[in-house]
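Chains A and B, in that order, give the protein sequences.
Take the first sequence: its position 8, counted from the start at 1, is 9 in the numbering used here, and no numbers get skipped.
Take the second sequence: its position 57, counted from the start at 1, is 68 in the numbering used here, and no numbers get skipped.
Backbone N, C-alpha and C define an ideal beta-carbon position, used for all residues, glycine too.
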Amino acid sequence: MTASKRAADTLIIVALVLLAWQALHQMVGATALPGPVPTLAYLAEFVPSERFAENAWATLVCFFYALLLSYGIGLAIGVWMGVHRLSAAVGEPILISLYTLPKVTLYPVVLLIFGLSVAGRTTFGAMHGVLPVALLTMSAIRNIPRVYWKSAQALHLSRRQTLVTVLFPATLPEVVAGLRIGFTLTLLGVLLAEMFAAKHGLGSLIINAMQLLQGEEMLSVAVVLFIFAAVANALLLWIEHQLHRRV
Amino acid sequence: MNRVSWIRIAVVAIAIGLLEVCCRLGLIDTRVVIPPSQMAEALAQLLISGRVNPEIARTFGIVLIAAVISVVAGFALGVVVHALPRVRQALDPFFATYYAVPIFIFYPVLIVIFGLSVMPIVLMGVATAIVAMVISTLNGLDRVPQVLSKVARVHRMGRTATALLLKLPAAAPHLFTGVKLAVSYAFIGVIASEFILAPAGLGRVISDAYTDFNNRQMYALMLLLIIVATMVNMLLHVLDQRWAERRGIAKA
């Protein structure tokens, strides 16, 4: 019942967005903003094309490496700061102020170091994703109720056992939340990097389409990315809810 | 100042010092990164010469406008949506996905519609910031204790009086969180837009300096942005903390 109601709500929102899109299209004209129908028609043709596949693949590769880095480094920092109290006290404000920094500012530095390469875009994506993963992992570990530690001690669990049977399950839901936000921000970072300077990738495709005034192509790519991000987020949110329910 | 703050300052200072030393010793190519002391020097010279002051004023002006619009409109929208539970329920998935989508992909669309002007940048700033304010407003209004509306009824307070004297102060901490987020998101939205494509502004000047290999100017302005963004965020954080402390005392 609630599930079908929620699906109906989502459908209503999608319909409203499409209507607003159409209305805006009527207002500003077809060259500036193509309507939803021609865009979706173009999308259906464009997505199976080779050019789209090449660029989407380029973005995916960067995104995948960036995600590995974000998760790896983020989890390492998060675990360290979660376990070591002094590091957390010292480091948390630094991480938070880095988190709120507009990191685009630093992209030229990344470009100077790595050049216009996959490494540069990957690094920039990872710069966005590392911080939320680290911060949420840290808070997950520090929010473990003291009772859990005490019972682990009382049961004479070894370090490894404590880690696997107590720490890991207790922190999982919040860590997954961090991974979800990290996913989002890493994708944003990679796309921003591609939009600023790149020859391949969906971000550069959007900018090229804008310069050539190809509204349909620009919007098609935006729609594809929108759907990809929304679906991935929904999936990770669902996992998160399942984990919360289990605890 | 306690021990932790000292250690933190030391960590930051050592990091900057290390960068300085590495640049001076040639371990880091100065064509890639210039020593921090030179960045500061270049920034001081740039500010004194006043060459980029219009750009600075423009960018921070846009950030301010975007933040104010987001806070005011976001608050208003939050209040309206909170009053309509059915609408809110429908919008929940939308709020949950909003920040998952890299909304910068729509910046080129805005440029095509409005032309290369201030408008798309302001809109991008608002687009990144406003939903945080709406969500915080909803959270704040959700957490107004039930007992307060009973108190209002007991005292036969009118709707406006209840809203201003009871609900607003009760929701204030969450609203302030919204303001904090809106400001830092507006910063990110505006600067990122300027970086991608803009007729003027700090982001544009930095990206031009990058294209011209003008490292001194580039690093000077980066330093400026980092300092301003950090200071604004720290200020909001301190205000937030002070407020929390006062509430804590009031409770006791």
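Can you list, in chain order, the residues of its chain whose CB lies under 6 Å from that of residue i, leaving out five sequence neighbours each side?
i, result
"GLY136 (chain B)", "ALA77, ALA197, GLY200 and VAL201"
"ILE80 (chain B)", "VAL137"
"THR264 (chain B)", "Nothing about residue 264 (chain B) can be reported from this structure: the residues present for chain B run from 12 to 263 only."
"GLN255 (chain A)", "Look at the range of chain A in this structure, 2 to 248, and you will see that residue 255 (chain A) is not part of it."
"ILE74 (chain A)", "VAL131"
"PRO210 (chain B)", "LEU127"
"LEU19 (chain A)", "PRO37"
Taking the alpha carbon of residue i as the reference point, which residue from the options has its own alpha carbon closest?
i, options, result
"CYS34 (chain B)", "B:ILE45, B:GLY126 and B:ILE27", "B:ILE45"
"LEU175 (chain B)", "B:GLY212, B:LEU159, B:TYR118 and B:VAL15", "B:LEU159"
"LEU180 (chain A)", "A:LEU213, A:PRO133 and A:MET82", "A:PRO133"
"MET196 (chain A)", "A:PRO49, A:ASN209 and A:VAL80", "A:ASN209"
"MET233 (chain B)", "B:GLU256, B:GLN252 and B:PHE206", "B:PHE206"
"MET229 (chain B)", "A:GLU93, A:ALA21 and A:LEU107", "A:LEU107"
"THR188 (chain B)", "B:VAL82, B:SER204 and B:PHE117", "B:VAL82"
"ARG154 (chain B)", "B:VAL15, B:LEU186, B:GLY214 and B:ALA193", "B:LEU186"
"PHE133 (chain B)", "B:PHE117, B:SER204 and B:SER218", "Sequence inspection shows Val at residue 133 (chain B); the Phe mentioned does not correspond to that position. Checked all of B:PHE117, B:SER204 and B:SER218; the closest Cα to VAL133 (chain B) is B:SER204."
Regarding residue i and the ligand GTP, is the C-beta to nearest heavy atom distance less than 7 Å?
i, result
"GLY214 (chain B)", "Looking for the ligand GTP in the displayed structure turns up nothing, as the structure carries no ligands at all."
Could you give the distance in angstroms between the alpha-carbon of residue i and the alpha-carbon of residue j?
i, j, result
"LEU173 (chain A)", "ARG147 (chain A)", "17 Å"
"PRO109 (chain A)", "TYR221 (chain B)", "6 Å"
"TRP239 (chain A)", "ALA107 (chain B)", "12 Å"
"ASN226 (chain B)", "ARG42 (chain B)", "7 Å"
"TYR66 (chain A)", "LEU188 (chain A)", "11 Å"
"LYS191 (chain B)", "LEU246 (chain B)", "10 Å"
"TRP17 (chain B)", "ASP103 (chain B)", "43 Å"
"SER195 (chain B)", "ILE39 (chain B)", "31 Å"
"PRO180 (chain B)", "VAL15 (chain B)", "33 Å"
"ALA57 (chain A)", "ILE124 (chain B)", "26 Å"
"VAL119 (chain A)", "VAL62 (chain A)", "8 Å"
"GLY30 (chain A)", "VAL112 (chain B)", "26 Å"
"PHE224 (chain B)", "LEU117 (chain A)", "15 Å"
"ALA143 (chain B)", "ALA193 (chain B)", "6 Å"
"GLU31 (chain B)", "VAL22 (chain B)", "14 Å"
Looking at the C-beta of residue i, does it have a partner C-beta in chain D at a distance below 8 Å?
i, result
"PHE86 (chain B)", "Chain labels in this structure do not include chain D; the protein chains are A and B."
Got a sec, what are the start and stop residues for the alpha helix (DSSP H) residue i sits in?
i, result
"ASN56 (chain A)", "51–84"
"ILE27 (chain B)", "14–36"
"THR173 (chain B)", "Careful: THR173 (chain B) lies outside any alpha helix (DSSP H) and carries neither H nor E."
"TYR118 (chain B)", "118–125"
"LEU213 (chain B)", "213–222"
"HIS185 (chain B)", "179–207"
"PHE229 (chain A)", "216–247"
"ARG164 (chain B)", "157–165"
"ASP40 (chain B)", "Segment: none, ASP40 (chain B) is in no alpha helix (DSSP H) and carries neither H nor E."
Identify, in the order they occur along the chain, each residue of the same chain with its Cβ nearer than 7 Å to the Cβ of residue i, setting aside the five sequence neighbours on each side.
i, result
"ALA231 (chain B)", "MET50, ALA53, LEU54 and LEU57"
"GLY183 (chain A)", "SER71, TYR72, GLY75, GLY130, PRO133 and VAL134"
"ILE27 (chain B)", "PRO47"
"PRO39 (chain A)", "GLU217"
"SER88 (chain A)", "TRP81 and MET82"
Ignore the nearest five residues each way along the sequence and tell me which others in residue i's own chain have a CB closer than 8 Å to its CB.
i, result
"LEU17 (chain A)", "none"
Problem set entry | Within the segment 94–145 of chain A, ranges of the alpha helix (DSSP H) (whole runs, at least 4 residues) | 108–115 and 119–143
Exercise. Which ranges does the beta strand (DSSP E) cover as unbroken runs of at least 3 residues, wholly within the segment 143–181 of chain A, from first to last along the chain?
Worked result: none
For this session: Let me know the alpha helix (DSSP H) ranges lying completely inside the segment 80–110 of chain B, each 4 residues or longer, listed in chain order.
Result: 96–109
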